[in-house]
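Here the protein sequences come in this chain order: G and X.
Position 67, counted from 1, in the first sequence is what the numbering used here calls 776; the numbers after and before it change by one each time, with no gaps.
Position 234, counted from 1, in the second sequence is what the numbering used here calls 361; the numbers after and before it change by one each time, with no gaps.
All remarks here apply to the structure that follows.
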Amino acid sequence: MNRVHLLCAICTLSSWGCDDETPSSDDGPANGGAAAAGGVTGAGDPPAGMGGEAAGMGGDSSGMGGEPTGMVAPPSGTPPANPACADLWNGVDETFIECEGAAAVVAWSLMDLTGVTIDNEGQTWSPCVEARCTADEILVAANALPHYDFVPTTPNALVMADTVYRIPARPSLVDQEGAVTADSLLGCEDALAQYARAPNQATNNEPSGLCIQNGNAQVAYDELMDGSRFYWQQLPCLGYAGFLTNGSPYFGPNEGPMPDPWGNPLFAGPNVAGEPENDLRGGAVLDMCGGHTAFSMHYHGVNEACFAMDENRHPTASYAEAAQTWSLDTWLNDACESASPIVGWNADGYPIKGSCICVERGADGRCTVLKRARSSWAYQGLHSHGERPDTLAVEGNACSGHEDCCTDNNCDFRCTYSVFDAPQADGGTVAEKRCVLLDYAWCTHQYIDRSVADVADTHFAYLDRCNGYEGPDGYAYHATGSFPYIAACYRGAPTASAGGGMGMGPGGMRPGGMGRPGMGGMNGMLPSCEELGRRDRCCGDGMCRGPETPENCPADC
Amino acid sequence: MPRPRNTRKLPRRLLGALLGASILGLTGCASDESTPGPSALPDTLPPAIPSQLSIERFGAVRYQLTTDWFGATPAVDGPGYTFVTDLGYRVHLEHAEASLGDVELVPCDTAANWPRRLWRTLSPIRIAHAAHSAVPDATNARLDVIDDLMAQPTHTAGPTPATGVAYCQAHILFVPLADAEGLGVSGGIRGTFTPPDGGEPQRLSGRINLRNGGSVVLEGAPDEIIPGATVEMVRYPAYALDGLQLERLTSLELGFEFLSGLAKTTRTRVQPD
Chain G
710 MNRVHLLCAI CTLSSWGCDD ETPSSDDGPA NGGAAAAGGV TGAGDPPAGM
760 GGEAAGMGGD SSGMGGEPTG MVAPPSGTPP ANPACADLWN GVDETFIECE
810 GAAAVVAWSL MDLTGVTIDN EGQTWSPCVE ARCTADEILV AANALPHYDF
860 VPTTPNALVM ADTVYRIPAR PSLVDQEGAV TADSLLGCED ALAQYARAPN
910 QATNNEPSGL CIQNGNAQVA YDELMDGSRF YWQQLPCLGY AGFLTNGSPY
960 FGPNEGPMPD PWGNPLFAGP NVAGEPENDL RGGAVLDMCG GHTAFSMHYH
1010 GVNEACFAMD ENRHPTASYA EAAQTWSLDT WLNDACESAS PIVGWNADGY
1060 PIKGSCICVE RGADGRCTVL KRARSSWAYQ GLHSHGERPD TLAVEGNACS
1110 GHEDCCTDNN CDFRCTYSVF DAPQADGGTV AEKRCVLLDY AWCTHQYIDR
1160 SVADVADTHF AYLDRCNGYE GPDGYAYHAT GSFPYIAACY RGAPTASAGG
1210 GMGMGPGGMR PGGMGRPGMG GMNGMLPSCE ELGRRDRCCG DGMCRGPETP
1260 ENCPADC
Chain X
128 MPRPRNTRKL PRRLLGALLG ASILGLTGCA SDESTPGPSA LPDTLPPAIP
178 SQLSIERFGA VRYQLTTDWF GATPAVDGPG YTFVTDLGYR VHLEHAEASL
228 GDVELVPCDT AANWPRRLWR TLSPIRIAHA AHSAVPDATN ARLDVIDDLM
278 AQPTHTAGPT PATGVAYCQA HILFVPLADA EGLGVSGGIR GTFTPPDGGE
328 PQRLSGRINL RNGGSVVLEG APDEIIPGAT VEMVRYPAYA LDGLQLERLT
378 SLELGFEFLS GLAKTTRTRV QPD
């Protein structure tokens, strides 16, 4: 991130850094905010001169973050400590320094949850998140609790998962050495074959090869139509990929092997808050902020209203109010009113923002062109990987309701929103409701190079493969209303995180013991099929696929 | 995000708990035939006493859901019930509804079983999304009914097959269902309240359209493996507003908190077949 980008990134922080040209029309619920938290005493006030706005919560991203008109001094220093986080630093043997520059942006982008308590089915718990900085990294301690009362929509209990995340203080692009072409990773024909054979039974592993489940994370590249080459690294299929400003991790855009094989995290949920569920049920449904529990609370999507903060970095909206803004249609198709703030950080050190991007700024820092982020991943369907079985006959059909896709409740489809390739449409895509498959989130979507797409007359801007955008504010990932919802890969090199290996959720992460995502093998070699207890997509199955390369698996490649 | 529910209330309620327990005889609370108790007597519900339910594999699990206005009295000046919350709000509810979605038993391994959960958290062998959200137990049953809590109907569900594992909790899920206008509603209340410091009654109106639920311990299960059972689940609306500062909540928040309270104060009773 160069200096200009850094300043601009600071400028678009949700609460401070800029004067507000379009102040929120909604101050949020009267009972929300610090007063309701009890015991919030102003700890974590922003540095002097960092005045800001109380992010309101109206529809989608409006009123959140405001549109900057000029730049003021960036936040500096380390925010005040949160006593609830104190024990999380035990065992962290680092030399901390004041957070400055880009590191301060990270530190001051996190919620101040000092004094905040949440209800966990009758128990009072204290979420915590706070950052400290070293010369090379930003360490973020959190207990991975939501900042709002737990919503027990499933029997899975909420657990505290003490964690110290690490992200680089200076993001750097992925190491290009050993990179392979993205096309060499695809293995979705396995998913189609499995679905045709036994739709309720998952393939042993996530079949696409586009995320890393075992072994080393692969760096791959796309030759883009604009003549450039885009390098990226696989995201973990399961487990930690980055974290949000409330200290909870986010996971990649797929679920586990059941109930819907490697299913889509958002397809099973409602299209809009409050949608009657008489004909819907099943799937790994998220709460209306985008999270749910497994071994820890984690998010697969982001409802920006849930992460709105006031000038003291306190969350502003109650769950019940913020959840009402859940609307895939809005997040995909409505024009933006203001640039989205930072809602989290990817493990490579780049920020995650909401779906509204400032794509052009004037010399005075004012945003002159604002666009809705649109994913370059289009729903192509599982059937696109081979011969369409009868059981996929409705896939991709236009629909207005569930009944257009299913004849009973035992159905693998939903009528919901995604982005679809549409060469005749402005910009080349449409975002609308169609019959989509709950299963195989990666294999039902396909990244389509939009580097030369003409979007001048549209309200949206295409993101890259990783769901990021390089603009006047620097590079950032953007949460979207369609796959991959947060990110599909790392554009930068993740310094330290878990994930990758089976089951390495944040609950297992302890200070000092974390390696690069997906670092599973010894000396860079993939574990053998025997070691993994697998029959395919591992080293020794006779096929060079998935994460296998000549370097890490000469036996197969 | 935090909401104004007073959570420092347990100690003062112990006395009431004992009193309530004596009234109910620790029977797991009453059925739908129970008459409303005098509002002056119970300060709280009796504490739930956990037990572990073991049913033969494929044994039948049935559910019976009822509502009990224990802790409230029928309103003398109109329909509904009156009661006093633990924070001293005098409430008159004229209408209360909750949309019953799913019920299911929660295996002890998944439930809030601290030793097991601690082991699972520390264990080096972990599968990220095992026991993941919305992977229902085989005992999952759907109701899909907007329950008029004032009318106190009894709803039944099942039979569903037990899986042979031990169960420690029951999970109840409220979901948005289509009301007469086709709008989603998962819970709602309407009436009046008078603040603890007195004054004129104020309107009370809450309505929510979001999922909410909770897991509650199973009570009264026998120590032996049984061929089947009916799990009685009793909701106590008169306690669902405890801990809330009612004048500080929006309609959405009030509706949501009402559902939270309704789930948390649900009591179960296992009746072996």
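For each residue, glycine too, the CB sits at the ideal point set by N, CA and C.
Could you tell me whether any Cβ in chain G is nearer than 8 Å to the Cβ of X:His402?
The structure shown does not extend to residue 402 of chain X, since chain X spans only 128 to 400, so no value can be given for it.
Name, please, each residue of chain G whose Cβ falls closer than 9 Å to the Cβ of X:Pro288.
As a working note, residue 288 of chain X is residue 161 in the second sequence. Ordered by position in chain G, no residue passes the 9 Å Cβ test against X:Pro288, which lies about 16 Å from the chain.
Quick check: the segment 1119-1135 of chain G against the segment 1059-1074 of chain G, are at least 3 beta-carbon pairs closer than 8 Å?
At 8 Å Cβ cutoff, the stretches do not touch.
What residues match up with G:Lys1080 in a beta bridge as DSSP calls it?
The count along the first sequence starts at 1 and reaches residue 1080 of chain G at position 371. Answer is G:Ile1066, bridged to G:Lys1080.
Using a Cβ-Cβ cut-off of 6 Å (strictly less than) and excluding sequence neighbours within five positions of G:Ala905, which residues of its own chain qualify?
Along the first sequence, one-based indexing puts residue 905 of chain G at 196. Hits under 6 Å: Pro1098.
By DSSP, does G:His856 sit in helix, in strand, or in coil?
Position 147 of the first sequence holds residue 856 of chain G. Residue state, collapsed to three classes: coil.
Under 7 Å Cβ-Cβ, which residues of chain G neighbour X:Gly340?
Along the second sequence, read from residue 1 onward, the residue named residue 340 of chain X stands at position 213. The contacting residues are Pro861 and Thr862.
Can you check which of these residues, G:Gly1136, G:Glu984, G:Leu854 and G:Gly1180, is closest to G:Trp834 by C-alpha distance?
Numbered from 1 along the first sequence, position 125 holds the residue referred to as residue 834 of chain G. Taking only the C-alpha atoms, the option nearest G:Trp834 is G:Leu854.
Output, in chain order, the set of chain G residues within a Cβ distance shorter than 8 Å of X:Glu231.
Here residue 231 of chain X is taken as the residue at index 104 of the second sequence, counted from 1. Those within 8 Å of X:Glu231 in chain G are Pro864.
Within the continuous alpha helix (DSSP H) that includes G:Asn1042, where are the two ends?
The count along the first sequence starts at 1 and reaches residue 1042 of chain G at position 333. Where G:Asn1042 is concerned, the enclosing alpha helix (DSSP H) stretches over Leu1037 to Asn1042.
Measuring only the C-alpha atoms, how far is G:Asp988 from X:Glu183?
By one-based count along the first sequence, residue 988 of chain G stands at place 279. By one-based count along the second sequence, residue 183 of chain X stands at place 56. Answer to the nearest angstrom: the Cα atoms are 31 Å apart.
For G:Gln1089, collect the residues of the same chain with a Cβ closer than 6 Å to its Cβ; drop the 5 residues on either side in sequence, then sort them by chain order.
If you number the first sequence from 1, residue 1089 of chain G lands on position 380. Once the five neighbours on either side are set aside, the close Cβ partners of G:Gln1089 are Gln1155.
Hey, is G:Ala1072's beta-carbon within less than 8 Å of any beta-carbon in chain X?
Counted from its first residue, the first sequence places residue 1072 of chain G at position 363. For G:Ala1072, the answer is no, since every Cβ of chain X falls outside 8 Å of its Cβ.
Could you give the C-beta distance for G:Ala1080 and G:His1168, rounded to a whole number, given that I count them as a contact under 8 Å?
For the purposes of this step, residue 1080 of chain G is taken as the residue at position 371 of the first sequence. For the purposes of this step, residue 1168 of chain G is taken as the residue at position 459 of the first sequence. With the sequence shown as reference, residue 1080 of chain G is identified as Lys, and Ala is not the correct amino acid for it. That belief holds up - the Cβ atoms of G:Lys1080 and G:His1168 are roughly 6 Å apart, short of 8 Å.
Which chain X residues sit within Cβ distance under 9 Å of G:Ala983?
As a working note, residue 983 of chain G is residue 274 in the first sequence. The amino acid at residue 983 of chain G is misidentified as Ala; the sequence shows Gly. The contacting residues are Pro303, Leu310, Gly311, Val312, Ser313, Ile335, Asn336 and Leu337.
Since I believe G:Leu882 is in contact with G:Ala929 (beta carbons under 8 Å), could you give me their beta-carbon distance rounded to a whole number of angstroms?
Walking along the first sequence from the start, residue 929 of chain G turns up at place 220. Walking along the first sequence from the start, residue 882 of chain G turns up at place 173. Not a contact, Cβ separation roughly 13 Å.
What is the DSSP secondary structure of G:Arg906, counted as helix, strand or coil?
Residue mapping note: residue 906 of chain G aligns to position 197 of the first sequence, counting from 1. Correct three-state label for G:Arg906: helix.
In the DSSP assignment, find the alpha helix (DSSP H) that holds G:Trp817 and state where it starts and stops.
Counting from one through the first sequence, the residue named residue 817 of chain G turns up at place 108. Counting along the chain, the alpha helix (DSSP H) containing G:Trp817 begins and ends at Ala811 to Ser818.
Going by DSSP, what residues sit across from G:Gly1177 in a beta bridge?
Within the first sequence, the letter at position 468 stands for residue 1177 of chain G. The partner list for G:Gly1177 (beta bridge, DSSP) reads G:Tyr1186.
Note down, one range per segment and in chain order, each beta strand (DSSP E) of at least 3 residues found wholly within the segment 908-972 of chain G.
Counting whole runs of 3 or more residues, the segment 908-972 of chain G contains the beta strand (DSSP E) stretches 928-932, 938-945, 949-953 and 958-960.
Whose C-alpha, out of G:Thr954, G:Trp817, G:Asp1166 and G:Ala878, is nearest the C-alpha of G:Ala1044?
The residue you call residue 1044 of chain G lines up with position 335 of the first sequence. Of G:Thr954, G:Trp817, G:Asp1166 and G:Ala878, the residue nearest in Cα terms is G:Asp1166.
Using three-state DSSP, classify X:Arg396 as helix, strand or coil.
For the purposes of this step, residue 396 of chain X is identified with residue 269 of the second sequence, where counting begins at 1. Of the three classes helix, strand and coil, the one that applies to X:Arg396 here is strand, per DSSP.
Kindly indicate if chain G contains any beta-carbon less than 8 Å away from that of X:Asp85.
The displayed coordinates of chain X run from 128 to 400. Any statement about residue 85 of chain X would go beyond what the structure contains.
Any C-beta of chain X within less than 7 Å: which residues of the segment 1008-1034 of chain G qualify?
Flagged, chain order: Pro1024, Ala1026, Ser1027, Tyr1028, Ala1029, Glu1030, Ala1032 and Gln1033.
Less than 8 Å between CB atoms is the rule here; does X:Leu379 satisfy it with respect to chain G?
Mapped onto the second sequence, residue 379 of chain X falls at position 252. For X:Leu379, the answer is yes, since a Cβ of chain G falls inside 8 Å of its Cβ.
Between which two residues does the beta strand (DSSP E) holding X:Tyr366 run?
Translated into positions along the second sequence, residue 366 of chain X becomes position 239. Neither: X:Tyr366 is in no beta strand (DSSP E) and is coded neither H nor E.
In angstroms with no decimal places, state the Cα-to-Cα distance between G:Asp828 and X:Lys391.
Translated into positions along the first sequence, residue 828 of chain G becomes position 119. Translated into positions along the second sequence, residue 391 of chain X becomes position 264. Their Cα atoms are separated by approximately 11 Å.
Would you say X:Gly228 lies against chain G (beta-carbon separation less than 8 Å)?
Walking along the second sequence from the start, residue 228 of chain X turns up at place 101. Yes, X:Gly228 counts as interfacial toward chain G.
By a C-beta neighbour count over all protein chains shown, 10 Å radius and 16 as the cutoff for buried, is G:Glu984 buried or exposed?
Within the first sequence, residue 984 of chain G is the residue found at index 275, counting from 1. G:Glu984 comes out buried.
Within 10 angstroms of the Cβ of G:Ala866, are there 16 or more other Cβ atoms? Answer buried if so, exposed if not.
Residue 866 of chain G sits at position 157 when you count from the first residue of the first sequence. The residue in question, G:Ala866, is buried, as its Cβ has 16 or more Cβ neighbours within 10 Å.
Compare the C-beta of G:Glu986 against all C-beta atoms of chain X and say whether one is closer than 8 Å.
For this step, residue 986 of chain G is matched to residue 277 along the first sequence. Yes, contact with chain X.
Please state whether DSSP places G:Leu797 in a helix, a strand or coil.
One-based indexing of the first sequence puts residue 797 of chain G at position 88. Residue state, collapsed to three classes: helix.
Rounded to whole angstroms, what's the CA-CA distance from G:Thr1039 to X:Pro234? Just pull it up for me.
The count along the first sequence starts at 1 and reaches residue 1039 of chain G at position 330. The count along the second sequence starts at 1 and reaches residue 234 of chain X at position 107. Cα to Cα, the separation comes out at about 39 Å.
How would you list, in chain order, the residues of chain X whose beta-carbon sits under 7 Å from the beta-carbon of G:Met1006?
Within the first sequence, numbered from 1, the residue matching residue 1006 of chain G stands at position 297. Under the 7 Å cutoff, chain X gives no residues; its nearest Cβ is about 10 Å from G:Met1006.
Measuring alpha carbon to alpha carbon, tell me which of G:Ala793, G:Pro974 and G:Thr872 ends up nearest G:Cys837.
By one-based count along the first sequence, residue 837 of chain G stands at place 128. Out of G:Ala793, G:Pro974 and G:Thr872, G:Ala793 has the C-alpha closest to the C-alpha of G:Cys837.
Can you tell me whether DSSP reads X:Phe385 as helix, strand or coil?
Within the second sequence, residue 385 of chain X is the residue found at index 258, counting from 1. X:Phe385 falls in the helix class under three-state DSSP.
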